[in-house]
Amino acid sequence: MLETLKDAITDPSSDSIEWVHTAAEIVEGVEVVMAVVKGAGATAATQGLVDLFEGIEGAGGGFVWPVTTGVAAIVAEFAAIGMGYKEAADEIKEQRSAVGFSEGVIMGAMKEQPAFVKSNFVEWSPEPNAFFEAGGKIAQTYYNAGLVLGFDYGHALTAEQTGALFRDLARQGGTIADLDANSSEHDWRNFYIDAGARFHGLHIN
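The numbering of the sequence shown is our numbering, which starts it at 4 and goes up by one.
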């Protein structure tokens, strides 16, 4: 199971975090989210993910979570046709899960409101992919699930651990931005993208 950031930050006064995982490990964590959201047996430990999903995605408000058995069927179908399709799907899963997770971590650590995440980051339709049409659905699915998982990991951090996280990110280029409550939504969106990219560069390989 993917180690949580909360458990990894044992010294909140530190300037670096010893948490490094592969994109494939992020995918494994993301697929746990999918199983939970699809109702494959939420436990006390995973109920928080379901609650978080409902808060971000507005479950019950007419939106259908874009994690369906159809995605698994698509991947299985391409695997049967040829390894090239499966390899393409696996690459998309790893890339988009890692990006979603990284951005989610930062927004969760900042205790961002679900409404902001929903309007600025959740992907409501498949990503364009002219060369591999089903790849767009896979990208959307894994990005969104990664976003939820990362948000959960970041949100669990204490204020002191969040301080350690941002000191860690400063190792790669210094302070990201000086924003406050008067900063625009666009500026905050860019902040989360930039900080997420730094997290990705430092902690996911």
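Note that beta-carbon positions come from the ideal geometry of N, C-alpha and C, so glycine has one too.
CA-CA distance, V23 and Q175? 15 Å
On a Cα-Cα basis, can you pick out the residue from A180, L160, P129, S100 that is closest to H203? S100
Please list, in chain order, all residues of the same chain as A48 whose beta carbon is under 6 Å from its beta carbon, the five residues on each side excluded. Note that A48 scores a pLDDT of 46, beneath 50, so its modelled location is shaky; the value from the coordinates is reported in the next line. Once the five neighbours on either side are set aside, A48 has no close Cβ partner at all.
Give me the residue from V102, Y88, D181 with the minimum Cα distance to N208. V102
Excluding sequence positions up to five away, which residues of its chain have a Cβ less than 6 Å from the Cβ of S2? What the structure shows of the chain is the stretch from 4 to 208, and residue 2 is not part of that stretch, so it cannot be assessed.
Under a Cβ-count criterion, where at least 16 other Cβ atoms within 10 Å of its own Cβ denotes burial, should E106 be classed as buried or exposed? buried
Quick check on DSSP: helix, strand or coil for I207? strand
Nearest CA to the CA of V36: which residue from W191, L152, Y195, H158? L152
Expressed to the nearest angstrom, what Euclidean distance is found between the alpha-carbon atoms of D197 and I179? 7 Å
Three-state secondary structure (DSSP) at V70? Because V70 sits at a pLDDT of 46, beneath the cut-off of 50, its placement in the model cannot be relied upon, and the point is left open.
What is the C-beta distance between V33 and G111, in whole angstroms, given that I count them as a contact (C-beta under 8 Å)? Contact doesn't hold; Cβ gap of about 15 Å is too wide.
Name the residue from I12, T7, D18 whose alpha carbon lies nearest to the alpha carbon of I29. T7
Look up T13 in the DSSP assignment and say whether it is helix, strand or coil. coil
Can you give me the Cβ contacts of M113 inside the same chain, cut-off strictly under 7 Å, excluding the 5 residues immediately before and after it? none
Roughly how many angstroms separate the alpha carbons of V125 and T144, rounded to a whole number? 10 Å
For H24, which residues does DSSP report across the bridge? I207
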